Structures are given as C-alpha cells and as structure tokens.
Amino acid sequence: MVRAISLTSILPGLRQMRAYQPAWLRGDLLAGVTVAAYLVPQCMAYAELAGVAPVAGLWAILPPMLLYALLGSSPQLSVGPESTTAVMTAVAIAPQAGGDPLAYASLASLLALFVGLACLLGAWSRLGFLADLLSKPILVGYMAGVAVIMISGQIGKISGVDLQAESLLDQLRELAGRSGEIHGPTLVLAIGVLVFLLLVQRLFPMAPGPLLAVLLAVAVVSVLQLDQRGVAVIGDIPAGLPSFHLPEGVAPQKLRFLLSAAVGIALVGYSDNVLTARAFAARGGYRIDANQELLALGAVNLGNGLMQGFPVSSSGSRTAIGEALGSRSQLFSLVAFVAVSLVVLFLRPLLALFPKAALGAIVIYAALRLIDISEFQRLRRFKLSEFRLALVTFAGVLLTDLLMGVALAVALSVIDLFARLVRPHDAVLGNAPNLAGLHDVEDWEGTSTIPGLVLYRYDAPLCFANAEDFRRRALLAIDAETVAVDWFVLNAEAIVEVDITAADVLQELQQELAGRHIVFAMARVKQDLYLQLVRAGVAERIGAEHFYPTLPTAIAAFQDQASRGAAGSVP
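Dropping the structure here:
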C-alpha cells in the first residue's frame, strides 16, 4: 500500500487513470485523433523552424506524450514541439552547427538533454515559483516578439529565395531587391495555404486546418507536379520510430553556450507550460502542481534528448482543441501517440510530397496567432505602465536575440515587482460622509481627518528598499495637516515584516517625532512583526502602551489623552 501511494505521488497520471470514468472515453478518443491530425503537420513545421529535419518533429512528439501522461499534473495539457522553444533552439545551435545537418541534429538533441536536466534540477530545488517572475505584460510582449522572429525565419522558404539577412525588415528589403529571383509557384502555394488556414480558422475554428492544408498541398504538388518545377518538398522520410541515441559531445566553449541557452529555454518553456496548464485548470475547476509540472517538463525533454528530438514545451492551441472536443484525461495524449506512430510507420510516402513552402505557411499561421493585439489593447486600457512593459519586452526580443530577450523579460518582471515594493501605495485615513469605517482621504470627496491625529497606512512590507521612502512620505503626511499634529498612528495591517534597516528607520522616525512633541503609535501590528520590533529594540522605544490592536482603540486612546490634556489646562 505504501509503495502504491509513493508511485501515485510521483506519477500523477496513474492516479488520474485510476479515477477514470467511462463517460470520458468518447471525448478523449475524439480529442486524441483530432489533436494528432493537427499536430502532425504543425510539429513538422516546428522541426523545420528549429532547423532539424521535419521527421524530427514527429519523433519529438512521441516521448513527450507518453512521459507527460504519467508525470504531468494536468489532465488536459498537450505537450510536444511548439514555436517558442523551436525558435530558441534554432537561435542557440545555428552558430554552433556551421551548416552541418548532422551536427545540427546532434546539438538539438544535446540541448534537449540539457533543458531536461535544468528542469529536473529546478524541480529538485523546488524552483517552480520562478514562473511567477514572468508577468502577463512580459509574456504578451515576449510572445509577439517571438512571432515576428518566426515570421522572418520563413520569408525565404515561402519565396524560394535564399536570403542572407536576419531581421524581418532587412529580409523584406533584400527580398524587394531580389524580387526577380522569387519563385512564383512556391510563393503562390505558400500564400494559398496561409489564406486557407486563416479562412478555416475563421469559418470552422474546430476543424483540423493544418491537416487539411497538408492534404490539399500534397494533392496540388502531386497533380501539378510542382516538385519537378522547382517547388521544394520534404522528400524521403526515414522509416521507423525514433531510437535511443546519446548525443555526441562538444567542445568546452560550445558546452558553456549550450548550457546557458538551456537555462533560458527551460525558463521560457516552463513558464509557457505552467501558465497554459493553470489557465485550463481554472476553466476545468481543478488544480495543477507547479513543481510537478517542472519535473514532468524535465523528464519530457530528457526523453527527447535521448531519442533524437529537440527541446519542447506545451501547446496552448492543441490543448484548446482537445478541451473543445471533450478531453478529460491524458488518455487523449495516448490516443494521439498511437495515431502519430501509425503516420510515421505507414504514411511516409504521402508526407514526402509535402512542400516546404506549406510548412513555412503553417509556421507563419501559428506566429500570427501569437500576436494578441486585443491583449495589447486591454493592457493599454488597464494601465499604461503595463502596456509600456509589454512594448519594451517586444522591442527587446527583436533588438537583441531570444536568449537576451528571456533575460530582459525576467529582469523587467523583477524590476516591475521591485518598483511596486519600493514605491507602494500609501494613505492617510479619515471619516468619509455616509460611510462606516476609515477610508483613504484621496478616495472619497469630503473625507476629513481627525484634528491632531494622523492615521497613516503604508501598503507594503518595510525593508531596506523602501524604508527611506516610508519615512519621507510619513513626514509629508504630517506636514500636510492644517491643524497641529499631536499623534501619528502607523496602521501596520500591510506591514507583515521589517528588516533591520527598516527597524532603524522606524526608531529614527519615532525620535524625530518625539523631538516635535508628536506621539508615535502603531495599530494592527501582527504578532510576528511585534516580535521583530521587540528584538530590534523599537518596541521599547515606542512603548508597549502605544501599540493598539485596532484603529478604533488607537483613536479612543488619542481622544482620551486629548480630553485629559484639555481638562488639565482649565484654570
């Protein structure tokens, strides 16, 4: 019994399968077959995007579907090749491969191995929380930048021109200058496939558009014999399923570069994985385990590294298709695994005639779906700073490379978080007309403070980064009062802890106010915070009698002292 519990804790898929309900079977079967139909051409295109042979995209589907079905905590997530990690793979290994296809494939597998090891190390270290460093504006801007890079990588394929430029604008300029070299049938075929995909998405969103595009493109190439008129096709696909293969070693300088690239890919891939899983978990009314997702992603990439694949993550589009068709468990991934295996074993001649221009069109179609204009607009309406953050990330990804873009995205997220901590909201509290309780005087018209008393709230923990800001704004709140201030009460409900720098600043503030004959008091102090203030000597300076459990008790104490002072001054 202990062994079974241990296995199910390590392999959540077993627990899900034990709780399987027969009513789910129809939806899982339909979702599995449809997702397989969608991912075959999609993953071949992503392999091309990553710089490896299209068949490697099919091979890179198989280990992830099996491993995630056992290790993943989401019953609906579809894991395998996707655009972001494919682009990052190409960026990381292209300079190292020197144009050698065999070296490219070996480096891609080695990179997947490193990504897997990075994720497993992260899971062992309980680093699942790192995905939270990527805020929504960062991800929106990052994905838009990735989409532009994806599109720029396909311009040469859909035009039939071997372009030397790298950025999208430079490629378009070069293409305009070499317009006479554009291969007409290749361009027309690519545009036709892209228009077809966009129309299917608009008119029949649940139809397997990429699969239909594959079949039509193969039919057009076969009937019109376009492969004999200069349209590049995939060609012969190796027979059989992927086999176990250890990647070859590399020179130390390449190794260091691949390791740093693997960390970036692991972070982005995991962020995409856990955010997609959380989104569908919220829709489905269940929860996922962020650290388990990191473990599953590590195992998935480790499996791909040992089976001639390349780095992978999750696919939001395939997950959405599965959900729409009724997927309720990872059985749908196992069904898709069987379907893809049958394609690799028996439908290779059909795929051999698939034009590379159509693969480029599928990649561009996927890229366009990553540019979420409506989300940019929502960010602009919500808060201008969030919109700017998305734009800066977008520009950073385009103006640097993707790995620098990852670092920039994380840095911007941390800076944004730090800025909120360093300059948080604060409030002077008072009585608002016709409203019970105490409220921010800036929020309600007609709100007035209690004469002689400043009730001040600072909405963040106090630490070295914001201690001086707190002191400055507290003094400004006192100086803004029109009536002489006798008491300053710090509402500490948002201050869960202090460090020694902040404790010293509190003590200095108390001393400064004492010099101005102003009583410094604190209200709503949590027990942990109070013990920290005791250890720092601040509580003794303030005096135990000036700590109050609630704001009303602090106000009552102030009014009591004020009334006694007034009585004592009467002759």
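One gets my numbering by counting positions in the sequence shown from 1 and adding 1177 to each. The C-beta atom is built at its ideal place from N, Cα and C for all residues, glycine as well. As the structure is a computational prediction, the values presented were derived from the model and not from experiment.
Report buried or exposed for residue i, applying the criterion of at least 16 other Cβ atoms within 10 angstroms of its Cβ.
i, result
"residue 1656", "exposed"
"residue 1611", "exposed"
"residue 1737", "exposed"
"residue 1684", "buried"
"residue 1327", "buried"
"residue 1659", "exposed"
"residue 1225", "buried"
"residue 1603", "buried"
"residue 1251", "buried"
"residue 1205", "buried"
"residue 1727", "exposed"
"residue 1490", "buried"
"residue 1542", "buried"
"residue 1730", "exposed"
"residue 1368", "exposed"
"residue 1673", "exposed"
"residue 1236", "buried"
"residue 1331", "buried"
"residue 1488", "buried"
"residue 1193", "buried"
"residue 1605", "buried"
"residue 1399", "exposed"
Tell me which residue opens and which closes the beta strand (DSSP E) that residue i is part of.
i, result
"residue 1664", "1664 to 1668"
"residue 1699", "1696 to 1700"
"residue 1607", "1603 to 1608"
Is any non-hydrogen atom of the ligand FMN found closer than 8 Å to the C-beta of residue i, if you look at the structure I gave you?
i, result
"residue 1623", "As for the ligand FMN, it is missing from this structure, which has no ligand bound."
Provide the residue span of the alpha helix (DSSP H) that contains residue i, from first to last.
i, result
"residue 1265", "1260 to 1274"
"residue 1620", "Here residue 1620 belongs to no alpha helix (DSSP H), and DSSP marks it neither H nor E."
"residue 1631", "Unbroken run through residue 1631 is the beta strand (DSSP E), 1630 to 1635; no alpha helix (DSSP H)."
"residue 1656", "1644 to 1656"
"residue 1568", "1561 to 1576"
"residue 1328", "1313 to 1329"
"residue 1390", "1386 to 1401"
"residue 1719", "1715 to 1719"
"residue 1351", "1345 to 1354"
"residue 1505", "It is not in any alpha helix (DSSP H) - residue 1505 carries neither H nor E in the DSSP assignment."
"residue 1253", "Residue 1253 -> no alpha helix (DSSP H), and no H or E assigned at all."
"residue 1539", "1533 to 1547"
"residue 1481", "1467 to 1483"
"residue 1492", "Run containing residue 1492: none; DSSP gives neither H nor E here."
"residue 1160", "The shown model of the chain, from 1178 to 1748, leaves out residue 1160, and the question about it has no answer."
"residue 1373", "1361 to 1380"
Spatial neighbours of residue i within its chain, please: C-beta separation below 6 Å, excluding the five flanking residues on both sides.
i, result
"residue 1425", "1283"
"residue 1741", "none"
"residue 1474", "1296, 1447, 1450"
"residue 1244", "1476, 1477, 1480"
"residue 1329", "1345, 1348"
"residue 1189", "1250"
"residue 1219", "1387"
Taking 7 Å as the limit between beta carbons, can you name the residues of its chain near residue i, skipping five residues before and five after?
i, result
"residue 1492", "1255, 1257, 1259"
"residue 1280", "1274"
"residue 1593", "1312, 1566"
"residue 1501", "1383"
Would you call the CB atoms of residue i and residue j closer than 9 Å?
i, j, result
"residue 1461", "residue 1253", "yes"
"residue 1640", "residue 1686", "no"
"residue 1318", "residue 1665", "no"
"residue 1682", "residue 1631", "no"
"residue 1486", "residue 1286", "yes"
"residue 1626", "residue 1614", "no"
"residue 1698", "residue 1667", "yes"
"residue 1713", "residue 1680", "yes"
"residue 1587", "residue 1444", "yes"
"residue 1646", "residue 1634", "no"
"residue 1418", "residue 1521", "yes"
"residue 1358", "residue 1377", "no"
Once the 5 residues before and after residue i are set aside, which same chain residues still bring their CB inside 8 Å of it?
i, result
"residue 1197", "1506, 1508"
"residue 1303", "1468"
"residue 1564", "1314, 1553, 1556, 1557"
"residue 1294", "1439, 1475, 1479"
"residue 1320", "1261, 1547, 1548, 1549"
When the cut-off is 9 Å and only beta carbons count, does residue i lie next to chain C?
i, result
"residue 1450", "No chain C appears in the structure shown, which is made up of a single protein chain."
Exercise for the section: Decide yes or no for the touch test of the region 1223 to 1239 against the region 1442 to 1460: beta carbon pairs closer than 8 Å, at least 3 of them. Expected result: No, the region 1223 to 1239 does not touch the region 1442 to 1460.
Practice task
Inspect the CB distances between the region 1546 to 1565 and the region 1402 to 1418 and report whether three or more fall short of 8 Å.
Solution key: no
Exercise for the section: Taking 8 Å as the threshold, find out whether the region 1553 to 1561 comes into contact with the region 1383 to 1393 through three or more Cβ pairs. Expected result: These segments do not touch.
Practice task
Indicate whether the contact test is met: 3 or more Cβ pairs, each with one atom in the region 1524 to 1536 and one in the region 1393 to 1403, closer than 8 Å.
Solution key: Three or more beta-carbon pairs separated by less than 8 Å link the region 1524 to 1536 to the region 1393 to 1403, which places the two stretches in contact.
Exercise for the section: Count the C-beta pairs between the region 1429 to 1448 and the region 1206 to 1216 that are closer than 8 Å, then say yes if the count reaches three, no if not. Expected result: no
Problem - At least three beta-carbon pairs within less than 8 Å, the region 1492 to 1504 to the region 1263 to 1277 - result: no
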